[in-house]
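Asker: Handing you a structure now.
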Amino acid sequence: MAIHTFIEAIREGLRDEMRRDGAVIVLGEDVGKKGGVFFATDGLWAEFGDDRVIDTPLTESMIAGVSIGAAANGLRPVAEIQFADFIFPAMNQIIQEAARIRYRSNGTFGCAITIRAPFGAGVHGGLYHSQSVEAFFAHVPGLKVVIPSTPYDAKGLLRSAIRDPDPVIFLEHKKLYRSVRGEVPDGEYTVPLGRATVNREGSRVTVVTYGLMVHHALNAAERVAGEGIETEVVDLRTIRPLDAATVLASVRKTGKCLVVHEDNRFGGFGAEIAALVAEEAFDYLDGPVTRLAGPESPAAPYSSVLEEAFLITPEKIAAAIRTLAAY
Amino acid sequence: MAIHTFIEAIREGLRDEMRRDGAVIVLGEDVGKKGGVFFATDGLWAEFGDDRVIDTPLTESMIAGVSIGAAANGLRPVAEIQFADFIFPAMNQIIQEAARIRYRSNGTFGCAITIRAPFGAGVHGGLYHSQSVEAFFAHVPGLKVVIPSTPYDAKGLLRSAIRDPDPVIFLEHKKLYRSVRGEVPDGEYTVPLGRATVNREGSRVTVVTYGLMVHHALNAAERVAGEGIETEVVDLRTIRPLDAATVLASVRKTGKCLVVHEDNRFGGFGAEIAALVAEEAFDYLDGPVTRLAGPESPAAPYSSVLEEAFLITPEKIAAAIRTLAAY
Amino acid sequence: MYSRVVTHSGAPTSPDPVARSGLPAARLREIYRLMALARGLDERAWILNRSGRVHFVISAQGHEGAEAGICAALTPGRDWLLPYYRSMAAMLAFGMTPRELMLQQFGRADDPGSGGRQMPAHYGGAAYRIFSGSSPVGTQALHAAGIALAAKLRGESQVAVAMMGEGATNQGDVHEALNFAGIHRLPMVLLVENNGYAISVPAEKETAVRDLAVRAAGYNMPGVIVDGTDVLGCYLAMREAVSRALAGDGPTFIEAKVTRLTGHSSDDQQTKYRTEDDLAEGRGRDPLPAFRDELRAAGLLDEAAEAAITAEVRGLVDDATDFAEAAADPDPGTLTRHVYAEPDDAGQLHPPPAPGVG
Amino acid sequence: MYSRVVTHSGAPTSPDPVARSGLPAARLREIYRLMALARGLDERAWILNRSGRVHFVISAQGHEGAEAGICAALTPGRDWLLPYYRSMAAMLAFGMTPRELMLQQFGRADDPGSGGRQMPAHYGGAAYRIFSGSSPVGTQALHAAGIALAAKLRGESQVAVAMMGEGATNQGDVHEALNFAGIHRLPMVLLVENNGYAISVPAEKETAVRDLAVRAAGYNMPGVIVDGTDVLGCYLAMREAVSRALAGDGPTFIEAKVTRLTGHSSDDQQTKYRTEDDLAEGRGRDPLPAFRDELRAAGLLDEAAEAAITAEVRGLVDDATDFAEAAADPDPGTLTRHVYAEPDDAGQLHPPPAPGVG
Ligand SMILES: Cc1ncc(C[n+]2csc(CCOP(=O)(O)OP(=O)(O)O)c2C)c(N)n1
Ligand SMILES: Cc1ncc(C[n+]2csc(CCOP(=O)(O)OP(=O)(O)O)c2C)c(N)n1
Ligand SMILES: [Mg+2]
Ligand SMILES: [Mg+2]
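Protein chains in written order, with the working numbering: chain S, 288 to 614; chain R, 288 to 614; chain Z, 3 to 360; chain C, 3 to 360.
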């Protein structure tokens, strides 16, 4: 198996699906000749040409809305939103249209689109190139929301997303693109949507997280392991539909649950995990379900000093694990 | 004190603020001659004229964006989004602009706007005239989100919202407009943002809710009172910023918490309440924090049969209270 | 570059509709019959509403001429419609039956568009290439562009027609759709049914221009203005747009000046914001009698034929009403079905692969 | 109705800039100095980036002429600017100092726009009536319309100018803003700096029209096209727009054809998608030497004066760089401040009441 970066895995996933199915097209801002601002689509335009790799105008609602229509007429559009921060102009098309088409048509129309978007802080992107947006979509029936943490999952989940008959919001933490490498089989494989995975087994505390935070959580687990705190790390991979069984099984085992995400805490996705655990694993809890999340500011500021203060780090996670373990 | 319907209280609140402060303007679709589709602005155009009661084009992003600009130049815009379901085209202006202007300008600019929107099901509005949207806004730092349940609060909170220096999303459950009446003082009074209220005292179970559901919860509390279950009902009134102290004080007293809302459950606002209680009142809980919320469908369908199956009723709340009380 | 706005005059340019349109007399009578049927169903819906048997009506009265004329130039089964809530005549033209339309009006289980999940006049019909519509206005313009893009990329001859009111055209989505359609010269038509009001908001508060079609120049496409009472003018404008689309010459913006003969919906009292003169002027622009007189004057519709149509319409409307009123409501147990794709009997989740682009 | 598009020719129509513009020679030299200063600060930012001292640069090189000319027709203190990330010259014209601009570039605590919270070139300045800008493009068009509405309703003479690239104009918000501004004849100007690219996406994939200004007709406002290398042409176009706005005659759409002399930003390698010819053609349209030669030819700028400006600019850029680099970073303790209004020393939350409308 070859070792690839996260961004290479995404690129391969796109390329392989386009080779497999002539109905798959890619569209978005700068996805053509430039290959995307993060080069996720680099080389696709050269291989598949103008018809299947479409540089769009600077209009996100159009990107989503045209994808919806193209899917209704038999294509499998994979749209790129250049930064997740810029997905808001497309909210109406994604939430009111894509997510509701199957339901409102009583199953007579579907919406087989995938919308990729890089999200997250830590690259000096400031307030508008650092945001986390998963909470807005995780709440919406009809959408699926995928957030991979490894190159292997990124490629396997992206393939499943593209083949899925329903609209999938595919969120890629941009900090992973070049900082994380891992084994990626060259051949055909997929990773199913809606299944979490336990990345590390442990008995004392369960950490539930996704995306970049999975790596920080594993790092933190290492740190506290030396202190005799065995931490289990659950990587959700898909946050809607949620693999509640895996989360609950782990917490019922450890009796302690720490939920971690970079997005701000209030009304964030972590609240759903905490609420689920508090309700479904109540009798097993030996300590309060705890959330460690980004501060209540609109996003990560640009200044390195402020950005650092904003970020969730392995140290912060380790500290939270210790507190919970000691409860 | 005069007895008024909920919609009359809203109308009076708008009128009184416009009389008090010449910088207050109202804008939205059909708010002029027609007085709004629910008549919330009826009579305002006749009293204040074209300059201060502006019929806008059918463009929600414009309604929000123009309000932001007008506020920056000294006005106090009160925008009406005809139905909360139609607020999504304005998401970018509300979340990326209004909510972030103060933060991104380090406090040198503000955004003193109020955006009113009728929401909620139960009036045969079908999938696009029945939605609950509070979860999308409650998550956003920089916004305030108000959801009154009584005519008294509606008028008092609306006045506070209009005078508030920050952007306020003011959500009115449309089912309340004509079905609920109550005392409304004629003179000047306000109800502060960010304060919950205990509408009914009880010892066994705390129900935390807002808007129309407060009335259903009180009704349910009556039903179970006969069975000896004393229920406390907390009306949040403002869901962001949240009055956590009032919620926690109540749950620490009763040891049981039921969160109720009409919006679908997964990732809904109730998750934040449940997570808060599970973390901050853990040692006081005698039963799992429970959520009673709308089904995982995009909204309430049109057919009366389906709509009824969708709705949260006093019966359903009473049943949930019984289950929790018996835990 | 197109900057010119073509205007098809409201006055029939020829006393002979057959010669003018190139359509046989029988087809012209069929168009009239369709308009009469749409009107009949619409009028019945109001009666049902006022007698408390349906919650809501949003009316197409006054819009039938434009839609019947436009659709006469389209090919059901080949072309796509992206309707809005005044598209009753278009639905009939694309094959929906009066019974299906009444099932939709009553929100019954067999409503072909939504199985009773959507409000009345929220159409959709997979069998007819009528895409499912929502309430938020203007969004369908982008769906039409996407449908047209897929057709173009696969080299299939199809035209996608998005229909909406003039108020909806001010939505950002419509700008973005026209911009994209212009760039890719997509086989798409935007039909704007301009009735001069967005609920109560009059034209002059909706835009600063008299004719929305002038905006077409900003996207390098022709803008065509037609009088919605001139059914054949609408037909001719659409015939030209369709041939442009199929020839790969790109999209067309057609603005039909129509009149809204009723309140915005059964919840609206338009006398509150419209003057009696304004309302009277509107009634004078009813396309139904206009087209009937045009056919009569040309000797294409005699008393007997007209009476037969009237009788047939009444029969169809009665039948559709009785059928739909008696039809079953949705099963409440289906409330949360079809939120996501459900496996077919073969356990298969994925739709059959469509022809590729590559 | 405006459907005409006025084009101000790129070739200075008169050999005498003073006569052509009605501006005194000193003012013309001041405009040139401003352009040179903007260029100097911009070039320095690239050096700082390549030497790893600032994370990011997004450049205004090639856009200075249009902005300097446009702003010469505005009145700082009276008018409002809604800038974008290429508005460096406009910021200087409205009173921002080189030090302030460098503080913003370095993201220091004293950055007047955001206190180091926003990326470089995300401007704002309450003291200068420069509204705080975000990254999502096009949104500021609506803010400009709202500012202009407030000015109009209160009867205050102010012009609100929204600046953006041509790619941004395709956003729905811009359509909705122009539509609203046209209806209310607001004192607003949309300045589109058309450099032919949206990052890597070339003009022909952004829109089907060559000139975005043709869209003005769709909102009943004049569309004016100016050559961004013709600084005085830009000034004259804006002077006319400002007098229209102040006379209550409504908004103007000005499109300045400019060139992007650098990559989109310090993260972009434009040779990947632009040909050498294209790049060379762009370099040939640099407004800085063009305006310098224009002043020279008219005898308004001699060697000495030019050398003085060059020296002054170098001094200002050095000073600003040293000052900003040495300046303090924000206090991490302020991370969550100003999410909501904070009470002033008087415990007062509410801004002083503005003059009313009623
Ligand atoms: C985005 C959105 N905002 C508001 C509404 C509420 N609404 C329904 S129809 C309508 C007026 C539409 O006017 P127009 O587009 O001219 O169509 P008409 O009804 O006149 O045929 C409005 C405001 C809506 N459906 N969608
Ligand atoms: C809504 C939104 N989508 C995407 C981006 C990312 N982005 C930043 S600048 C840019 C291109 C802008 O092109 P144009 O408007 O022509 O301005 P220019 O950079 O050419 O001056 C893009 C796509 C953004 N800032 N906002
Ligand atoms: Mg209309
Ligand atoms: Mg550009």
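The beta carbon of each residue, even a glycine, is placed where N, CA and C say it ideally should be.
Per the DSSP calculation, cysteine 544 of chain R is bridged to which residue(s)?
Answerer: BP columns for cysteine 544 of chain R point to R:Thr493.
Asker: Is there at least one Cβ from chain Z nearer than 7 Å to isoleucine 185 of chain C's Cβ?
Answerer: Yes, because at least one Cβ of chain Z sits closer than 7 Å to the Cβ of isoleucine 185 of chain C.
Asker: If asparagine 181 of chain Z sits next to tyrosine 221 of chain Z, beta carbons under 8 Å apart, how far is it from one beta carbon to the other, in whole angstroms?
Answerer: Right, their Cβ atoms sit about 6 Å apart.
Asker: Could you check how far apart the C-beta atoms of arginine 316 of chain Z and glycine 42 of chain Z are, in whole angstroms? I think they sit under 8 Å.
Answerer: With a Cβ gap of about 7 Å, arginine 316 of chain Z and glycine 42 of chain Z count as contacting.
Asker: Determine the extent of the beta strand (DSSP E) in which valine 233 of chain C is found, giving its start and end residues.
Answerer: Counting along the chain, valine 233 of chain C falls outside any beta strand (DSSP E), though it belongs to the alpha helix (DSSP H) covering 233-248.
Asker: What residues are listed by DSSP as bridge partners for asparagine 196 of chain C?
Answerer: The partner list for asparagine 196 of chain C (beta bridge, DSSP) reads C:Lys259.
Asker: Buried or exposed: glutamate 514 of chain R, going by 16 or more other Cβ atoms within 10 Å of its Cβ?
Answerer: Label assigned to glutamate 514 of chain R: exposed.
Asker: What do you reckon, is the C-beta of tyrosine 86 of chain C under 6 Å from a heavy atom of ligand 4?
Answerer: Checking the Cβ of tyrosine 86 of chain C against ligand 4 gives no.
Asker: Assuming valine 564 of chain R and leucine 535 of chain R are in contact, meaning their beta carbons sit under 8 Å apart, how far apart are those beta carbons, in whole angstroms?
Answerer: At roughly 7 Å, the Cβ-Cβ gap stays under 8 Å, so valine 564 of chain R and leucine 535 of chain R are in contact.
Asker: Tell me whether the beta-carbon of proline 428 of chain R lies closer than 7 Å to the beta-carbon of valine 341 of chain C.
Answerer: Yes.
Asker: For asparagine 196 of chain Z, which residues of its own chain have a beta-carbon under 6 Å away from its beta-carbon, when the five flanking residues on both sides are left out?
Answerer: Hits under 6 Å: Glu168, Glu257, Lys259.
Asker: For a quick check, are the C-beta atoms of tyrosine 464 of chain S and phenylalanine 325 of chain S less than 7 Å apart?
Answerer: Closer than 7 Å, so yes.
Asker: If contact means a Cβ-Cβ distance below 7 Å, which residues of the region 530-556 of chain S contact chain Z?
Answerer: Under the 7 Å Cβ criterion, the region 530-556 of chain S contributes no residue.
Asker: Please classify alanine 385 of chain S as buried or exposed, where buried requires at least 16 neighbouring CB atoms within 10 angstroms.
Answerer: Buried: at least 16 other Cβ atoms inside 10 Å.
Asker: Note down the Cα distance separating glycine 235 of chain C from phenylalanine 396 of chain R, rounded to an integer number of angstroms.
Answerer: Their Cα atoms are separated by approximately 34 Å.
Asker: Just to confirm, are glycine 554 of chain R and histidine 548 of chain R a CB contact at a threshold of 7 Å?
Answerer: Result no, Cβ atoms of glycine 554 of chain R and histidine 548 of chain R do not sit closer than 7 Å.
Asker: Run through the region 148-216 of chain Z for me and flag every whole alpha helix (DSSP H) of 4 or more residues, listed as ranges in chain order.
Answerer: Runs of the alpha helix (DSSP H) inside the region 148-216 of chain Z: 174-186, 205-208.
Asker: Under 7 Å between beta-carbons, which chain Z residues line up against tyrosine 589 of chain R? List them in chain order, please.
Answerer: Within chain Z, the residues near tyrosine 589 of chain R are Gly109, Gly118, Arg119, Gln120, Met121.
Asker: Just verifying my parser: in three-state terms, what is the DSSP assignment at valine 2 of chain Z?
Answerer: There is no way to answer for residue 2 of chain Z, as the model of chain Z reaches only from 3 to 360.
Asker: Do glycine 118 of chain Z and serine 590 of chain R count as a contact pair if the criterion is CB distance below 7 Å?
Answerer: Yes, these two residues count as a Cβ contact at 7 Å.
Asker: Measuring from each Cβ to the nearest heavy atom of ligand 4, keep the ones under 6 Å and list them in chain order.
Answerer: Any residue whose Cβ sits closer than 6 Å to a heavy atom of ligand 4 makes the list: C:Gly167, C:Glu168, C:Gly169, C:Asn197, C:Tyr199, C:Ala200.
Asker: Taking 6 Å as the cut-off, does the CB of glutamine 107 of chain Z come closer than this to any heavy atom belonging to ligand 1?
Answerer: Outside the cutoff, so no.
Asker: Closer than 9 Å, Cβ to any Cβ of chain C: which residues of the region 415-437 of chain S, in chain order?
Answerer: Against chain C - using a Cβ distance shorter than 9 Å - the residues of the region 415-437 of chain S are Tyr415, His416.
Asker: Closest to isoleucine 516 of chain S by CA distance: which of S:Phe597, S:Arg450, S:Leu430, S:Ala605 is it?
Answerer: Ranking S:Phe597, S:Arg450, S:Leu430, S:Ala605 by Cα distance to isoleucine 516 of chain S puts S:Ala605 first.
Asker: Can you have a look at aspartate 81 of chain Z and say buried or exposed, based on whether 16 or more other CB atoms are within 10 angstroms of its CB?
Answerer: The residue is buried, with at least 16 neighbouring Cβ atoms inside 10 Å.
Asker: So, leucine 414 of chain S versus alanine 366 of chain S, is the Cβ gap smaller than 7 Å?
Answerer: The answer is no: Cβ separation not under 7 Å.
Asker: Got a sec, what are the start and stop residues for the alpha helix (DSSP H) phenylalanine 325 of chain C sits in?
Answerer: It spans 305-328 - the alpha helix (DSSP H) in which phenylalanine 325 of chain C sits, taken as one unbroken run.
Asker: Can you check whether the C-beta of isoleucine 132 of chain C is within less than 7 Å of a C-beta belonging to chain S?
Answerer: No, because no Cβ of chain S sits closer than 7 Å to the Cβ of isoleucine 132 of chain C.
Asker: The region 134-154 of chain C: which residues have C-beta closer than 7 Å to a C-beta of chain R, in chain order?
Answerer: Those residues of the region 134-154 of chain C that come within reach of chain R (Cβ to Cβ, closer than 7 Å) are Ser134, Ser136, Pro138, Thr141, Leu144, His145, Ala146, Ala147, Gly148, Ile149, Leu151, Ala152, Ala153.
Asker: In the DSSP assignment, find the alpha helix (DSSP H) that holds phenylalanine 406 of chain R and state where it starts and stops.
Answerer: Segment 401-406 is the beta strand (DSSP E) holding phenylalanine 406 of chain R; no alpha helix (DSSP H) there.
Asker: Is DSSP giving threonine 620 of chain S helix, strand or coil here?
Answerer: The question about residue 620 of chain S has no answer, for chain S in this structure spans 288 to 614.
Asker: Give the secondary structure of asparagine 486 of chain S by DSSP, where H, G and I count as helix, E and B as strand, and everything else as coil.
Answerer: Correct three-state label for asparagine 486 of chain S: strand.
Asker: Rounding to the nearest angstrom, what Cα-Cα distance links isoleucine 49 of chain Z and histidine 57 of chain Z in this structure?
Answerer: One C-alpha to the other measures close to 11 Å.
Asker: Of the residues R:Ile355, R:Gln383, R:Gly409, which one's Cα is nearest the Cα of alanine 150 of chain C?
Answerer: Checked all of R:Ile355, R:Gln383, R:Gly409; the closest Cα to alanine 150 of chain C is R:Ile355.
Asker: Kindly indicate which three-state DSSP category isoleucine 526 of chain R falls into: helix, strand or coil?
Answerer: In the structure shown, isoleucine 526 of chain R sits in a strand (DSSP, three-state: E or B).
Asker: Could you tell me whether the region 481-495 of chain S touches the region 537-548 of chain S, where touching means 3 or more Cβ pairs closer than 8 Å?
Answerer: Yes, they touch.
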